[in-house]
């Protein structure tokens, strides 16, 4: 699959995919005879993993570290990679908790919006009456 197709499939720019490859977030992509990137199923799995993690807020640095560990050997670094994923999961859980609290607050503001608006308008009307005296 070429870079344009991958870019559309995963909703990430071709420049971002090139950057991910350059800094080591994803492994080097195989090139065709003309030098164009030709993404294999293996590469697509890395792109999916990377875009999912980035959408969740995982840093590029953490993903580079994960990829470097992976390159050192699956068996040798399994625990280190798992620890890194557990750490990222904990950060994501905290972020989800914060977002959930913010969502509840926003829902409350929307549900009570009319009441607050009326209260504010009444205060403005009273102030206008007092100022006109």
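Numbering (the numbering used here), first residue to last: -19 to 113.
Yeah, the Cβ is synthetic: ideal placement off N, Cα and C, and Gly gets one too.
Do residue i and residue j have their CB atoms nearer than 8 Å?
i           : j          : result
residue 121 : residue 21 : Residue 121 lies beyond the residue range present for the chain, which begins at -19 and ends at 113; the question has no answer from this structure.
residue -14 : residue 40 : no
residue 38  : residue 3  : no
residue 46  : residue 34 : no
residue 72  : residue 36 : yes
residue -10 : residue 31 : yes
Could you tell me the distance, in whole angstroms, from the CA atom of residue i to the CA atom of residue j?
i           : j           : result
residue 17  : residue -18 : 6 Å
residue 67  : residue 96  : 42 Å
residue 25  : residue 11  : 17 Å
residue -8  : residue 15  : 21 Å
residue 104 : residue 85  : 25 Å
Would you mind reading off the limits of the alpha helix (DSSP H) that contains residue i?
i          : result
residue 76 : 58 to 91
residue 23 : 21 to 35
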